[in-house]
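Count along the sequence shown from 1, add 92, and you get the number used in my numbering.
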Amino acid sequence: MPAECVVIGLSHRTAPVELRERLAVEGDLIALELRRIVEAAQLQECVLISTCNRVEVVAVSQNPTATFEAVASHLNGRLTPDRVEPYLYRLRGERATRHLFRVASGLEAMVLGEPQILGQVKEAYGYARALGTVGSLLSRCFERAFTVAKRVRTETDIAAGQVSVSSIACQLAEKIFGELQDRRVLLVGAGEMSELAAGTMKAHGARLYIVNRNTEHAEKLAQKFDGISRPFESLPDEIREADVVISSTASPGFVVSYNLMQNVIKERKRRPLFFIDIAVPRDVDPRVDSLDNVFLYNIDDLDKVAASNLELRKREIQAAEAIVDEAVIQFEKWRNTLELTPTIVALKAYVSAIVLEEKRKTFSRLSLLNADDQKKLDAMCDAIVNKLLHIPFSQLKRSGANGDEAQLIEATQRLFQLAIGDAFDDRTKPTEAEELAAKREKGIDDG
93 MPAECVVIGL
103 SHRTAPVELR
113 ERLAVEGDLI
123 ALELRRIVEA
133 AQLQECVLIS
143 TCNRVEVVAV
153 SQNPTATFEA
163 VASHLNGRLT
173 PDRVEPYLYR
183 LRGERATRHL
193 FRVASGLEAM
203 VLGEPQILGQ
213 VKEAYGYARA
223 LGTVGSLLSR
233 CFERAFTVAK
243 RVRTETDIAA
253 GQVSVSSIAC
263 QLAEKIFGEL
273 QDRRVLLVGA
283 GEMSELAAGT
293 MKAHGARLYI
303 VNRNTEHAEK
313 LAQKFDGISR
323 PFESLPDEIR
333 EADVVISSTA
343 SPGFVVSYNL
353 MQNVIKERKR
363 RPLFFIDIAV
373 PRDVDPRVDS
383 LDNVFLYNID
393 DLDKVAASNL
403 ELRKREIQAA
413 EAIVDEAVIQ
423 FEKWRNTLEL
433 TPTIVALKAY
443 VSAIVLEEKR
453 KTFSRLSLLN
463 ADDQKKLDAM
473 CDAIVNKLLH
483 IPFSQLKRSG
493 ANGDEAQLIE
503 ATQRLFQLAI
513 GDAFDDRTKP
523 TEAEELAAKR
533 EKGIDDG
């Protein structure tokens with residue numbers, strides 16, 4: 093069976109945050125989890141994408157069914173006692189390619205057109221390359237995805253308006269307070285998401301305070317946005333004074349517990365407090381939302397606000413999808429040549445070997461032929477091979493447009509018992525000249 097791209101995973105469209113946070117991995121742990129998946133599913137090419145909104149395995153497989161079963165089994169082991177199958181999607185071939193291109197372009201994001209996802213996909217690709225789990229097929233696929241994403245952003249207005257989680261968080265905060273001018277905003281965490289939130293909140297006139305376990309990172313973020321950094325131990329005091337708390341850490345457990353908030357809320361004297369928890373796993377105990385005058389939104393709640401912004405950019409979706417469609421067609425044509433070329437080479441080598449053998453036998457009985465006659469006989473044999481293979485090669489080339497290329501390739505290999513790749517024997521292994529001839533026949537571009 094020909095190798096093809098496959099995707100198996102879950103996202104904010106199929107699974108709640110309570111489940112996603114249990115499967116999400118961050119930073120250097122991505123490489124460790126990727127290695128485990130590669131071993132569990134016996135994969136040569138594989139990339140693991142893990143963000144707050146999705147956990148996806150992108151791989152190359154000759155047996156997608158077995159790959160899907162192996163990856164699902166691995167994820168089930170991490171999710172015990174719950175089962176992951178009801179939340180998984182499984183895509184292969186063109187559907188998998190299209191999905192990856194759409195993810196990189198922000199078309200699958202919670203906030204349509206959100207630019208951060210492209211950086212996250214590139215980071216995942218980088219981890220896989222460092223681990224050595226990216227070969228020619230995935231490399232081509234991901235590089236094309238990055239090109240598509242760039243075109244979507246530059247050739248459409250898909251990213252117009254509010255297109256980030258932090259901007260949506262700002263919208264929600266303004267619904268509570270009317271405006272953010274001089275409001276005290278506490279950022280818990282100093283990573284990329286916190287930096288984006290800091291820029292958005294600062295632009296709306298908020299006063300920024302940053303708390304982070306790494307004091308150096310907190311101070312750097314505070315300097316960049318004219319804010320104030322505080323030691324992590326002062327978190328309860330900072331929450332007590334804040335109007336808005338945006339939390340985005342990589343902590344595996346709750347940073348803001350229910351007990352902590354019970355004590356803090358007594359001293360706030362009924363002042364409203366707005367929590368935006370954009371971390372996965374979540375930073376804020378969901379029970380906090382039951383406390384008086386506390387408003388808690390998590391990453392899934394932001395989807396509701398994002399939906400209202402979708403109408404503003406729907407007209408751009410068609411243009412973005414057209415770019416994706418074009419790229420998918422081009423990629424699949426390239427991928428199909430990877431399967432067609434060895435078959436063309438092997439078939440021509442097979443027929444040429446038979447003709448060559450018969451020619452050798454004939455020469456042994458016609459030893460009186462002069463050099464000129466021998467050249468004419470060689471030319472006749474070459475013409476026979478080319479004319480004999482003209483129709484089969486033409487049909488194989490046309491099969492890509494009809495969608496039955498894989499079936500014809502497999503049938504040709506079985507009918508002639510062709511050995512493909514490393515399995516070539518002395519009879520069928522093509523010479524360099526034959527490979528070049530086959531490429532000329534097909535019009536194949538190595539790029």
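Think of the CB as a built atom: it goes at the ideal place given N, C-alpha and C, for glycine as much as any other residue.
On a predicted model such as this, the values are computed, not experimentally measured, just so you know.
Mapping the DSSP letters down to three states, classify residue i as helix, strand or coil.
i, result
"cysteine 97", "strand"
"alanine 334", "coil"
"isoleucine 250", "coil"
"arginine 105", "coil"
"cysteine 540", "In the structure as shown, the chain starts at 93 and stops at 539, and residue 540 therefore has no counterpart that could be examined."
"phenylalanine 366", "strand"
"leucine 510", "coil"
"valine 195", "helix"
"leucine 278", "strand"
"serine 340", "coil"
"serine 349", "coil"
"alanine 371", "coil"
"arginine 112", "helix"
"glutamate 541", "One cannot answer for residue 541 here, as it falls past the ends of the chain, which runs 93 to 539."
"arginine 175", "coil"
"arginine 221", "helix"
"valine 226", "coil"
"valine 203", "coil"
"valine 117", "coil"
"leucine 388", "strand"
Rounded to whole angstroms, what is the Cα-Cα separation between residue i and residue j?
i, j, result
"glutamate 542", "isoleucine 436", "Outside the displayed span of the chain (93 to 539) sits residue 542, for which this structure offers no information."
"leucine 365", "proline 108", "25 Å"
"isoleucine 446", "alanine 133", "41 Å"
"tryptophan 546", "glycine 185", "Missing from the structure shown is residue 546; the chain here goes from 93 to 539 and no further."
"glycine 205", "tyrosine 181", "22 Å"
"arginine 322", "isoleucine 391", "25 Å"
"leucine 210", "asparagine 385", "37 Å"
"aspartate 474", "alanine 503", "25 Å"
"arginine 190", "isoleucine 129", "23 Å"
"proline 173", "serine 103", "20 Å"
"serine 444", "leucine 488", "18 Å"
"methionine 353", "proline 378", "11 Å"
"glutamate 148", "isoleucine 141", "5 Å"
"glutamine 315", "asparagine 355", "31 Å"
"leucine 469", "alanine 511", "29 Å"
"valine 376", "leucine 500", "57 Å"
"leucine 171", "tyrosine 389", "24 Å"
"threonine 106", "tyrosine 179", "5 Å"
"glutamine 505", "serine 153", "20 Å"
"asparagine 478", "lysine 467", "17 Å"
"phenylalanine 193", "leucine 432", "24 Å"
"arginine 221", "glutamate 161", "24 Å"
"proline 434", "threonine 159", "25 Å"
"threonine 292", "threonine 307", "22 Å"
"isoleucine 100", "valine 163", "8 Å"
Please look up how many angstroms separate the CB atoms of residue i and residue j, rounded, as I've assumed it's under 8 Å.
i, j, result
"valine 380", "phenylalanine 367", "7 Å"
"methionine 202", "asparagine 145", "5 Å"
"alanine 135", "alanine 151", "At residue 135 the sequence reads leucine, which differs from the alanine that was named. Sure, about 5 Å apart at Cβ, within 8 Å."
"cysteine 233", "cysteine 138", "Not confirmed; about 12 Å, so no contact."
"aspartate 274", "arginine 299", "6 Å"
"serine 339", "valine 280", "4 Å"
"proline 207", "glycine 218", "Contact doesn't hold; Cβ gap of about 18 Å is too wide."
"glutamate 177", "proline 373", "About 21 Å separates the two Cβ atoms, so there is no contact after all."
"isoleucine 331", "leucine 313", "About 18 Å; that fails the 8 Å criterion."
"phenylalanine 508", "tyrosine 442", "6 Å"
"alanine 282", "alanine 310", "5 Å"
"arginine 236", "phenylalanine 423", "5 Å"
"asparagine 304", "phenylalanine 324", "6 Å"
"threonine 341", "alanine 295", "23 Å between Cβ atoms; not a contact."
"valine 226", "valine 213", "That belief does not hold up - the Cβ atoms of valine 226 and valine 213 are roughly 13 Å apart, past 8 Å."
Could you tell me which residues DSSP pairs with residue i in its beta bridges?
i, result
"arginine 182", "Ile100"
"cysteine 233", "Looking at the DSSP assignment, cysteine 233 forms no beta bridge with any residue, so it has no partner."
"isoleucine 302", "Leu279 and Ser321"
"serine 142", "Val147"
"valine 376", "Val348"
"leucine 288", "Paired residues: none, contrary to the question."
"serine 444", "Looking at the DSSP assignment, serine 444 forms no beta bridge with any residue, so it has no partner."
"serine 486", "DSSP output for serine 486 lists no bridge partner at all."
For residue i and chain C, any beta-carbon pair shorter than 7 Å?
i, result
"glutamate 449", "Among the protein chains of the structure shown there is no chain C, as only one such chain exists."
- Message: Under 8 Å, with one C-beta from each stretch per pair, do the segment 256 to 270 and the segment 284 to 304 reach the 3-pair mark?
- Response: Here the segment 256 to 270 makes contact with the segment 284 to 304; the two share three or more CB pairs at distances below 8 Å.
- Task: Indicate whether the contact test is met: 3 or more Cβ pairs, each with one atom in the segment 235 to 249 and one in the segment 262 to 282, closer than 8 Å.
- Result: Using a C-beta cut-off of 8 Å, the segment 235 to 249 makes no contact with the segment 262 to 282, since fewer than three inter-stretch Cβ pairs fall below that distance.
- For the 8 Å Cβ check, are there 3 or more pairs between the segment 416 to 424 and the segment 461 to 480? By the Cβ criterion, the segment 416 to 424 is not in contact with the segment 461 to 480, since fewer than three pairs of Cβ atoms, one from each stretch, lie closer than 8 Å.
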